[in-house]
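Contents: one structure, followed by commentary.
In this note's numbering, the protein residues as written are 1369 to 1548.
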């Protein structure tokens, strides 16, 4: 089903074809996963949110007006579900204490601390950026990569302004990192 169009896959999936669902998940699963993981959830929460996105597609696959824009629809739905999960998690109160067991195959503590420090610095600088820049940079880093047309549809931004906006956002990120 790799040569099958998205419209045909959606129609077959709506009629209960497991093969069509498998093809849709194979084709767009990494996109959904990368958008969800951009919210820095733990693996279990990211898997739950990802699964919810696919449930939303099950609920709406017959109502997708433009099947060729399914990647945009999935990315937007993934973002909305991730935001919903973030709000839900903010209201949750941890009730259990857990202890992590050291992994002998893990890099030495000093390397992990340095990586954590670098990641924290980059994330702090990223969080100082405008939400529009954050959204654009997240979408530009999805796996599989989105084309500019899909990003344009998700962000409601002209295709011709994506590259220049990306450059400005990256320059702002560099400046934030220099002040850290």
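Note that beta-carbon positions come from the ideal geometry of N, C-alpha and C, so glycine has one too.
Check                                                                                                                                                               : Outcome
Given that a residue counts as buried once 16 or more other Cβ atoms are within 10 Å of its Cβ, and exposed if not, what is residue 1509?                           : exposed
Kindly give me the distance between the Cβ atoms of residue 1522 and residue 1443, rounded to whole angstroms, as I take these residues to be in contact under 8 Å. : 5 Å
Measuring alpha carbon to alpha carbon, tell me which of 1548, 1396 and 1492 ends up nearest residue 1441.                                                          : 1396
For residue 1533, name the three-state secondary structure that DSSP assigns.                                                                                       : helix
From residue 1468 to residue 1379, what does the alpha carbon distance come to, in whole angstroms?                                                                 : 46 Å
Under 8 Å, with one C-beta from each stretch per pair, do the region 1534-1548 and the region 1487-1499 reach the 3-pair mark?                                      : yes
Using CA atoms only, rank isn't needed, just tell me which of 1448, 1383 and 1394 is closest to residue 1414.                                                       : 1448
For the alpha helix (DSSP H) containing residue 1480, name the first residue and the last one.                                                                      : 1477-1495
Can you give me the start and stop residues for the alpha helix (DSSP H) that residue 1437 sits inside?                                                             : Note, residue 1437: premise wrong, no alpha helix (DSSP H); not H, not E.
Please look up how many angstroms separate the CB atoms of residue 1533 and residue 1504, rounded, as I've assumed it's under 8 Å.                                  : 6 Å
Three-state secondary structure (DSSP) at residue 1509?                                                                                                             : coil
Can you check whether the CB of residue 1381 is closer than 8 Å to the CB of residue 1388?                                                                          : yes
Can you tell me the Cα-Cα spacing of residue 1535 and residue 1515, whole angstroms?                                                                                : 17 Å
Going by beta carbon distance, what residues of the same chain come within less than 6 Å of residue 1401, once the five residues before and after it are set aside? : 1418
Distance check for residue 1383 and residue 1538, CA to CA, integer angstroms please.                                                                               : 45 Å
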